[in-house]
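Student: Below is the structure I would like to discuss, written out as structure tokens.
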Amino acid sequence: MSNSQQGYSPFSTWTRGLAWAILGFAEELEFLRNIKMEIGGDTRNIFEKAATAAADFYLDQATAADGIPYWDTGAPNLYHLGDWRSRDAEPFNEHEPVDSSAAAIAAQGLLRLGKYLGDKGARYLAAGLTVARTLFGGQYLAESPQHQGLILHSIYHRPNGWDYIPPGRKIPCGESSLWGDYHAVELAVYLQRLAAGKKVFDVF
């Protein structure tokens with residue numbers, strides 16, 4: 008789904024690219040709903056189909072049970088983890104890294120899509136809440152005053168080997184990224200306003 012120099016191959020899905028697609032389509036749907044000009048129903052339907060297709064692929068094929076994906080669905084050593092989709096992600100495994108930044112982006116997209124779709128979006132809303140609960144839990148939220156980031160276990164560029172591997176580990180883990188932390192903050196603000204019954208912010 009994602010042919011990117013940051014993914015493993017043109018025939019696999021780089022999960023952060025997928026997450027940005029989910030969020031981008033959801034925000035575009037919000038934009039089309041709010042602009043003051045007539046938009047054809049076909050246009051809305053096309054964006055809706057694209058948004059739900061991306062979200063469904065994320066939930067059915069690209070993420071572990073707790074909503075955290077590994078960095079690519081075709082990562083070459085993922086097979087060592089067996090049926091990884093049926094259990095929570097393992098950021099400290101020895102074979103392939105997770106990407107919490109993809110989860111932060113996807114969670115926001117899932118929540119926006121779920122809210123946009125109303126009754127039809129219950130699955131996406133619930134999934135977005137699940138991802139958020141995982142991200143803001145102890146395994147992913149940086150709690151050490153010495154750590155300079157917010158969300159742990161983000162990946163920068165796996166194919167180029169630009170991610171830090173801590174001593175004693177075989178794969179990258181434990182680091183944050185600017186985009187992961189940014190979207191985690193946006194996610195937290197979105198959830199806070201949603202829980203308080205306030206108007207949530209649009210991207211535009």
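If you're matching positions, the sequence shown starts at 8 in the working numbering and goes up one per residue.
No residue lacks a Cβ here, since even glycine has one placed at the ideal position from N, Cα and C.
Values in this document were obtained by computation on a predicted structure and should not be read as measured data.
1. Is the beta carbon of asparagine 41 sitting closer than 8 Å to the one on aspartate 209?
2. Which whole-angstrom value is the C-beta distance of glutamine 146 and leucine 194, which I expect to be below 8 Å?
3. I'd like the span of the alpha helix (DSSP H) that includes tryptophan 186, first residue to last.
4. Taking the alpha carbon of cysteine 180 as the point to measure from, which residue in Phe38, Pro98, Lys56 has its own alpha carbon closest?
5. Do three or more CB pairs link the stretch 171-187 to the stretch 122-140 at distances below 8 Å?
6. Quick one: give me the first and last residue of the alpha helix (DSSP H) that tyrosine 131 is part of.
7. Return the first residue and the last residue of the alpha helix (DSSP H) that glycine 81 is part of.
8. DSSP three-state call for leucine 159: helix, strand or coil?
9. Would valine 105 be called buried (16 or more neighbouring beta carbons within 10 Å of its own) or exposed?
10. Would you decide whether tryptophan 169 is buried or exposed? Buried here means 16 or more other CB atoms lie within 10 Å of its CB.
11. Look up tryptophan 21 in the DSSP assignment and give the residues it is bridged to.
Tutor: Let me lay it out:
1. As a first step, residue 41 must be located in the sequence shown, where it is residue number 34. As a first step, residue 209 must be located in the sequence shown, where it is residue number 202. In this structure, aspartate 209 lies closer than 8 Å to asparagine 41 by Cβ.
2. Along the sequence shown, one-based indexing puts residue 146 at 139. Along the sequence shown, one-based indexing puts residue 194 at 187. The pair is not a contact, with the Cβ atoms about 16 Å apart (cut-off 8 Å).
3. As a working mapping, residue 186 is identified with position 179 in the sequence shown. Run containing tryptophan 186: 185-202, per the alpha helix (DSSP H) assignment.
4. Here residue 180 is taken as the residue at index 173 of the sequence shown, counted from 1. Of the candidates Phe38, Pro98, Lys56, Pro98 places its Cα closest to the Cα of cysteine 180.
5. They do not touch, by the three-pair rule.
6. The sequence position of residue 131 within the sequence shown is 124, counting from 1. Segment 129-142, the alpha helix (DSSP H) holding tyrosine 131.
7. Position 74 of the sequence shown, counted from the start, is the residue given in the question as residue 81. The continuous stretches of alpha helix (DSSP H) do not include glycine 81, and DSSP gives it neither H nor E.
8. In the sequence shown, the residue the question calls residue 159 occupies position 152. Of the three classes helix, strand and coil, the one that applies to leucine 159 here is coil, per DSSP.
9. Position 98 of the sequence shown, counted from the start, is the residue given in the question as residue 105. Its Cβ being crowded by 16 or more others within 10 Å, valine 105 is buried.
10. Residue numbering aside, residue 169 sits at position 162 when the sequence shown is read from its first letter. So tryptophan 169 counts as exposed.
11. As a working note, residue 21 is residue 14 in the sequence shown. Paired residues: Asp79.
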